[in-house]
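Visitor:
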Amino acid sequence: MSYEMIKVDVRAGIGFLTWSRPRVHNAISPEMMAETMDALSALGVRDDVRVIILSGEGKSFSSGCDISVRADRETQGIDEWRTRYQKSLQFMLSFWRCPKPIIASIHGYCLAGGFEASLACDISVAAESARFGMPEAKMGSPSILLMLPWLAGPKMSKEILMCAEDTFSAARAKEAGIVNHVVPDEERESFVLELANHIVGASPVAVAYFKRAINQTFEIMGLMPALEANVEAAASMKGIVDKDRDEFLSIRKEQGLKAAIAWRASRVGAQ
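This is the structure we're talking about:
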């Protein structure tokens, strides 16, 4: 199948899935979500694929969901928000549920929805200059895949999410348990390829077992009910009247995202 927003290739047992919207730092649109899920389904059942490398074309891994196509004003009521967030959750979980291990190869910006997608991957490798973040609180938005507490713990997660951090370093991400390795920028691709080749050389049956068994452990501990409960909480949050959020969205529509973020920053300490 041909794709417009992603690139897919298979070489020497490795499936390469590349987000290909470099002009917008691989912002995740509904179409890109659908193409990614389709590609993961196809790669997941191919006998000649032992491992998948997820990366982003251009300067970034992903800047998050494409807010230029998000129909925030067209979605009304908790039921509609629930439906939207359920679809987004299924996209995030497509990485978690893929039977083949997925390595996230991260450079540039890894923010919001892109950040959450990386959390659902099995292994993450980041370039030293990569920058991570979850700026949702600045925009009055929730987290859809609330997997961060399962990886970084409650205190670190609360700091990242409540402070709406969007520029923390790869070194801090590694310290928090969000990434496995931080490598020099020029070594990222070769390092990821070497890591993938180790998996290619292992027993595919054993590799599939370990991914399934480890994921199952988290699910038995309550991961899935927690994620589903978060979708409900996120939908309910969007149903709450929030004058700051409404003003932010109004400024974003009329003056652009930078102006809206500047307005939000100017509010710090103003109340």
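Per this note's numbering, numbering of the sequence shown is gapless, rising by one per residue and ending at 292. Even glycine gets a Cβ: it sits at the ideal position worked out from N, Cα and C.
1. Between residue 25 and residue 53, what straight-line distance do the alpha-carbon atoms span, to the nearest angstrom?
2. Just curious, the alpha helix (DSSP H) that residue 192 is in, first and last residue?
3. Three or more beta-carbon pairs under 8 angstroms between the region 152-160 and the region 183-199, yes or no?
4. For residue 80, name the three-state secondary structure that DSSP assigns.
5. Quick check: the region 230-242 against the region 73-87, are at least 3 beta-carbon pairs closer than 8 angstroms?
6. Pull up the DSSP beta-bridge partners for residue 124, would you.
7. Roughly how far, in whole angstroms, is the beta-carbon of residue 74 from the beta-carbon of residue 145, given that I think they are within contact range, below 8 angstroms?
8. DSSP on residue 38, reduced to helix/strand/coil?
9. Mind checking residue 246: buried by the 16 CB within 10 Å criterion, or exposed?
10. Is residue 29 helix, strand or coil when you go by DSSP?
11. Return the residue from the list 268, 256, 269, 123 that minimises the CA-CA distance to residue 65.
12. Please go through the same chain and pick out, in chain order, the residues whose beta-carbon is closer than 7 angstroms to the beta-carbon of residue 166, but skip the five residues on each side of it.
13. Report yes if the CB atom of residue 72 is closer than 8 angstroms to the CB atom of residue 99, and no otherwise.
14. Count the other CB atoms, across all protein chains shown, that sit within 10 Å of the CB of residue 215; report buried if there are 16 or more and exposed otherwise.
15. From residue 250 to residue 225, what distance separates their C-alpha atoms?
16. Relative to the C-alpha of residue 50, which residue among 87, 76, 220 is closest?
17. For residue 69, which residues in the same chain have their Cβ closer than 8 angstroms to its Cβ, ignoring the five residues on either side in sequence?
18. I need the straight-line Cα distance from residue 94 to residue 219, nearest angstrom please.
19. Which whole-angstrom value is the C-beta distance of residue 133 and residue 174, which I expect to be below 8 angstroms?
20. In terms of residues, what are the limits of the alpha helix (DSSP H) holding residue 118?
21. Check the DSSP bridge columns for residue 230 and list the partner residues they point to.
Guide: Answer, in terms of the structure:
1. 8 angstroms
2. 191-196
3. yes
4. coil
5. no
6. 74, 144
7. Not really, about 11 angstroms apart at Cβ, beyond 8 angstroms.
8. Residue 38 sits in a strand when the DSSP states are folded into three classes.
9. exposed
10. strand
11. 123
12. 110, 113, 137, 140, 141, 248
13. no
14. exposed
15. 34 angstroms
16. Ranking 87, 76, 220 by Cα distance to residue 50 puts 87 first.
17. Answer for residue 69: 31, 34, listed in chain order.
18. Unreliable placement is indicated for residue 94, whose pLDDT of 49 sits below 50; the coordinate value is still reported in the next sentence. The alpha-carbon atoms of residue 94 and residue 219 are separated by roughly 47 angstroms.
19. That belief does not hold up - the Cβ atoms of residue 133 and residue 174 are roughly 20 angstroms apart, past 8 angstroms.
20. 98-118
21. Paired residue(s): none; residue 230 is not in a bridge.
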